[in-house]
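Each remark here refers to the structure printed beneath this line.
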Amino acid sequence: MADPVLSLRDLRIWYGAERGAVRAVDGVSLDLLPGETVGLVGESGCGKSTLGRGVIGLLPAGAGHAGEVNYKGQNILELKPKRLRAMRGPELGMIFQEPMTRLNPLMKISDHFEEVLKIHEPKLSRKEARNRAMEALRGMGIPPTRYKQYPHEFSGGMRQRIMIALALVLRPAVVVADEPTTALDVLVEAQIIRILADLRRNFDTALLLITHNLGIVAEACDRVAVMYAGRVVEQGPAYDITTKPSHPYSRELLRSTISLSTTELHSIPGAPPDLVSPPPACRFHPRCPDAMQICAQQWPTTVATSPGRRSECWLHSKDQIPKGLDAPLEREALAAAEEA
Amino acid sequence: MSAPVATKNLIEVRDLQVHFGLNTSFKSRLTGRGGASVKAVDGVSFDLAEGEVLGLVGESGSGKTTLGRALLGLVRPTAGSVKLRGEELVGQPERALRPKRRHLQMVFQDPHASLNPGMTLQTALAHPLQIHKLTSGNAETEAKVRETLELVGLYPTERFATSYPSDLSGGQKQRAAIARAIITGPDLVVADEPVSMLDMSVRAKILDLMIDLKHRIGLTYVYVTHDLASAKFFCDRVAIMYLGRIVEIGTVDEIFENPKHPYTQALIRAIPEPNPDKALPRDLPRGEIPDAARPPLGCAFHPRCPKAFDICGWESRDMRAILEQRWVEGGEDLYNAERPLVGDLEKLDEAGHDAFVPAGSGKDPGALLAMLEKIREEEPDEPLWKGVNAMNAEAHGVRIAFEPGIDPPLYDTDSSRAACLLYKPE
Ligand SMILES: Nc1ncnc2c1ncn2[C@@H]1O[C@H](COP(=O)(O)OP(=O)(O)OP(=O)(O)O)[C@@H](O)[C@H]1O
Ligand SMILES: Nc1ncnc2c1ncn2[C@@H]1O[C@H](COP(=O)(O)OP(=O)(O)O)[C@@H](O)[C@H]1O
Ligand code: SF4
Ligand code: SF4
Ligand SMILES: [Mg+2]
Ligand SMILES: [Mg+2]
Chain G
1 MADPVLSLRD LRIWYGAERG AVRAVDGVSL DLLPGETVGL VGESGCGKST LGRGVIGLLP
61 AGAGHAGEVN YKGQNILELK PKRLRAMRGP ELGMIFQEPM TRLNPLMKIS DHFEEVLKIH
121 EPKLSRKEAR NRAMEALRGM GIPPTRYKQY PHEFSGGMRQ RIMIALALVL RPAVVVADEP
181 TTALDVLVEA QIIRILADLR RNFDTALLLI THNLGIVAEA CDRVAVMYAG RVVEQGPAYD
241 ITTKPSHPYS RELLRSTISL STTELHSIPG APPDLVSPPP ACRFHPRCPD AMQICAQQWP
301 TTVATSPGRR SECWLHSKDQ IPKGLDAPLE REALAAAEEA
Chain L
1 MSAPVATKNL IEVRDLQVHF GLNTSFKSRL TGRGGASVKA VDGVSFDLAE GEVLGLVGES
61 GSGKTTLGRA LLGLVRPTAG SVKLRGEELV GQPERALRPK RRHLQMVFQD PHASLNPGMT
121 LQTALAHPLQ IHKLTSGNAE TEAKVRETLE LVGLYPTERF ATSYPSDLSG GQKQRAAIAR
181 AIITGPDLVV ADEPVSMLDM SVRAKILDLM IDLKHRIGLT YVYVTHDLAS AKFFCDRVAI
241 MYLGRIVEIG TVDEIFENPK HPYTQALIRA IPEPNPDKAL PRDLPRGEIP DAARPPLGCA
301 FHPRCPKAFD ICGWESRDMR AILEQRWVEG GEDLYNAERP LVGDLEKLDE AGHDAFVPAG
361 SGKDPGALLA MLEKIREEEP DEPLWKGVNA MNAEAHGVRI AFEPGIDPPL YDTDSSRAAC
421 LLYKPE
């Protein structure tokens, strides 16, 4: 297997808050291989966006961090801000949900591209820059005839394609896309997902795709990381996890997705915890249908359940559970209001 | 359609239109649509039986929200009729509509924006009761509020009655918004994308609540959504909307087992399927929903429709789209070779069945015609060519005569009703 282009080692990111630190990312280790698309899924507030920004070293002022984001033999979290800023774009890119806030309404699309290329690849001639830009736009389905137009002359879906092209034109090694299609319509979303899925065949860029939608993971990702309460609780090949999830949280998340084959509604009781004081031991235990007594007492170890696949759950090491502690965990019934 | 027996219909909508005038203001100069109007809802008819759930499904800008609001009199229709239990609502003065509002309620997409941040739930829920004078005295009001909070699952009710919206999670806010909608004892609730801003894991809980309320207090719903999967689960009937029209309407089984309209077929295939073993092959239509102020001629879906044929409404603007699509797919060399032969593409932007493709400056119209003929030869499956009656070189370019199109009404098919010329009777 190829060496990872970027690897997270025990990454922790927290936000200061009056009530105590919000531990949004709490000990995550994850590798991104060249050219692969990794889906990052989980409920709202589980730390996906924080992790995504951490991957490219883009943390808000006041956020604390520990652990490593290794890229080309260095921990980018330790780099001087100026160094890091120079890497952002040509090496580490980001695509956000709302493209309009990131495009300058007074600048033509051509100016956006040519400015970026001039800063980061000054050796390109004007003509070369123009061709590179039009090629990137073409890859996202934007006709070259619209190169000189302004952002407002495009639909929301086209603007998002332009943003993606703008992130890819520098051919960065790693791109993080945070829910890039959530604000778009089904058909446009499907078109963009199709293009992203094709992308992994043509480029060496590793893509971390943050999404709420497991259908998108199944379609566009090579691997998936499932995040719960600041932890990646399961990771592995997208096909394996979407067909045979091994962690109870992945399984419940899949079951609660409404798709055309849904015949019965299913939901996970309760809600993700407050990350100031998350539940002890396995953080999913208050909601887990399989929870045992040990789950509320001792942190489960991460087990490689099959090649390339890891899951953090006591169910995978039942033989190590002390006698009696494998009994089902008894919990108070939840009030309906805690349900959502 | 079935013969009109003694109507059990709660709502009857006929030829409903909501056109928004775009005045010749700054906006129109900016967008070049002086004096035009947006036909947000353009001739919609359907019935809604008591206790039924009707889904309105379509992409954004298809007119779902406007139609929902028009049903409740929250936006004034420009023509047509909406009857509530046989009583006409369109054209009534606000004074006459106000007392009816307690029977017609709405739940909005964004639960954060729909609750007043400065009001406790007690105050927010008491408000509609007071407006419609449904309770006498504080004790009765408070009891009704508590009962409703209980009904939507917000208990302990003492705790939630004194909560502010900021104390609530997204799902809890949506429960509160639903409580406010049902507290007046409405017959119809229009729910406009009530779960689309919520987490997947919360959506099921809110849909469960809506189903539960339907049975417990006998609600009829119009469920507005762009999510076909949840509509399949939740609705009895579904109306698919495109640019202000219903393009297909039928029972859930008809729509999902045997979709007739190419747009419906595309929407169904676009839903991402979490189980890769069940994923359908995707055959996505090109392009995006067009500007509602300048709808396509003929069938509004024709520029994107993979099944379009000669009478679907081919026009000048489509020629531009075909050229641009070719230059996206063909790469740099093709673009550099072909682009100079064509003049100003904006000349093609006027709607009309007669297209004039200007030749590039100093270029021979004959060469342009040869290029267009070559494209036709290379891309014989492109549906646009079916609508081309003639293509001739003129002094400064090439004139293309398209077959005039037909704007399809809803036709009966062997299952649903679909506005597509494939089902036009001979
Ligand atoms: N700038 C910030 N300051 C303080 N707390 C923050 C900040 N950004 C995020 N948080 C908190 O960190 C936790 C994780 O948030 P994050 O946005 O990373 O989650 P997410 O998984 O991306 O959620 P969503 O699916 O809603 O986008 C949440 O409790 C959130 O409130
Ligand atoms: N108040 C308004 N004034 C002008 N145009 C409007 C107004 N409200 C909606 N529209 C236009 O009407 C069309 C339908 O909008 P809408 O009903 O919101 O669709 P949907 O809910 O399906 O997204 C769109 O083109 C929209 O821009
Ligand atoms: S460790 Fe226990 S509580 Fe946690 S996911 Fe596994 S079974 Fe459930
Ligand atoms: S009438 Fe039917 S076949 Fe023709 S464009 Fe419209 S949807 Fe397609
Ligand atoms: Mg986020
Ligand atoms: Mg809407």
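Line by line, the protein sequences give chains G and L. For the first sequence, the UniProt record's numbering assigns the number 1 to the initial residue and increments by one for each residue that follows. For the second sequence, the UniProt record's numbering assigns the number 1 to the initial residue and increments by one for each residue that follows. The beta-carbon is built from N, C-alpha and C at its ideal position, and this holds for glycine as well.
Local conformation of residue i per DSSP, three classes
i: L/Asp407; result: coil
i: G/Ala167; result: helix
i: L/Gly137; result: coil
i: L/Ala239; result: strand
i: G/Lys258; result: According to the sequence shown, residue 258 of chain G is Ile rather than Lys. DSSP places G/Ile258 in coil when its eight states are reduced to three.
i: L/His19; result: strand
i: L/Gly55; result: strand
i: L/Leu188; result: strand
i: G/Leu106; result: coil
i: L/Arg69; result: helix
i: G/Ile321; result: coil
i: L/Thr148; result: helix
i: L/Leu198; result: coil
i: G/Glu179; result: coil
CA-to-CA distance, residue j to residue i, given in whole angstroms
i: L/Arg286; j: L/Leu115; result: 39 Å
i: L/Ser28; j: L/Gly21; result: Bear in mind that a pLDDT of 47 at L/Ser28, under 50, signals an unreliable position, so the number given afterwards is only what the model happens to contain. One C-alpha to the other measures close to 11 Å.
i: L/Asp277; j: L/Gly80; result: 47 Å
i: L/Tyr155; j: L/Glu273; result: 35 Å
i: L/Ile178; j: L/Val222; result: 14 Å
i: L/Gln92; j: L/Gln105; result: 18 Å
i: L/Arg417; j: G/Val28; result: 53 Å
i: L/Asn392; j: L/Ile400; result: 7 Å
i: G/Leu59; j: G/Asn75; result: 14 Å
i: G/Pro273; j: G/His65; result: 21 Å
i: L/Gly330; j: G/His266; result: 47 Å
i: L/Glu373; j: L/Thr251; result: 45 Å
i: residue 466 of chain L; j: L/Ile217; result: Given that chain L is displayed from residue 1 to residue 426, the structure contains no residue 466 of chain L and the question cannot be resolved.
i: G/Asn213; j: L/Gln325; result: 29 Å
i: G/Leu33; j: G/Ala165; result: 21 Å
i: L/Met119; j: L/Ser166; result: 10 Å
Expected contact under 8 Å - CB spacing of residue i and residue j to nearest Å
i: L/Leu369; j: L/Val342; result: Actually they do not touch by this definition, with Cβ atoms about 11 Å apart.
i: L/Asp192; j: L/Thr65; result: 6 Å
i: L/Ser316; j: L/Leu348; result: 5 Å
i: L/Ala161; j: L/Leu168; result: Contact doesn't hold; Cβ gap of about 12 Å is too wide.
i: G/Leu260; j: L/Lys232; result: 6 Å
i: G/Leu315; j: G/Val41; result: In fact, because the Cβ distance is near 20 Å, the residues do not count as touching under 8 Å.
i: G/Phe113; j: G/Val169; result: 6 Å
i: L/Arg245; j: L/Ala351; result: About 17 Å separates the two Cβ atoms, so there is no contact after all.
i: L/Gln122; j: L/Val145; result: 6 Å
i: L/Thr78; j: L/Val18; result: 6 Å
i: G/Arg194; j: L/Leu284; result: 7 Å
i: L/Gln109; j: L/Met197; result: 6 Å
Chain-ordered chain L contacts of residue i [CB-CB under 7 Å]
i: G/Val226; result: Neighbours of G/Val226 on chain L: none; closest Cβ ~12 Å, over 7 Å.
i: G/Thr243; result: Asn275, Pro276, Asp277
i: G/Asn131; result: Glu332
Contact set between residue i and chain G, taken where Cβ atoms lie within less than 9 Å
i: L/Glu271; result: The sequence shown places Ile at residue 271 of chain L, rather than the Glu named in the question. Those within 9 Å of L/Ile271 in chain G are Val186, Ala190, Gly215, Ser259, Leu260.
i: L/Leu267; result: Val186, Leu187
Closer than 7 Å at the beta carbon, the chain G residues around residue i
i: L/Pro285; result: Leu187
i: L/Tyr335; result: Pro144
i: L/Ala229; result: Ile258, Ser259, Leu260, Thr262
i: L/Ser60; result: Asp185
i: L/His226; result: Asp185, Val186
Amino acids of chain L, ordered along the chain, whose beta-carbon sits closer than 9 Å to that of residue i
i: G/Arg102; result: Near G/Arg102 there are no residues of chain L at all, since even the closest Cβ is about 20 Å away, more than 9 Å.
i: G/His247; result: Neighbours of G/His247 on chain L: none; closest Cβ ~15 Å, over 9 Å.
i: G/Met134; result: Glu332, Tyr335
Amino acids of chain G, ordered along the chain, whose beta-carbon sits closer than 8 Å to that of residue i
i: L/Pro296; result: What L/Pro296 touches in chain G: nothing, since even the nearest Cβ is about 15 Å away.
i: L/Lys260; result: Near L/Lys260 there are no residues of chain G at all, since even the closest Cβ is about 17 Å away, more than 8 Å.
Cross-chain neighbours of residue i in chain L, by beta carbon under 8 Å
i: G/Ile193; result: Pro272
According to a CB-to-CB cut-off of less than 7 Å, which residues of the segment 187-218 of chain L neighbour chain A?
Here chain A cannot be found, since the structure's protein chains are G and L.
Give the residues whose C-beta lies closer than 7 Å to at least one heavy atom of ligand 5, in chain order.
G/Lys48, G/Ser49, G/Asp178, G/Glu179, G/Ile210
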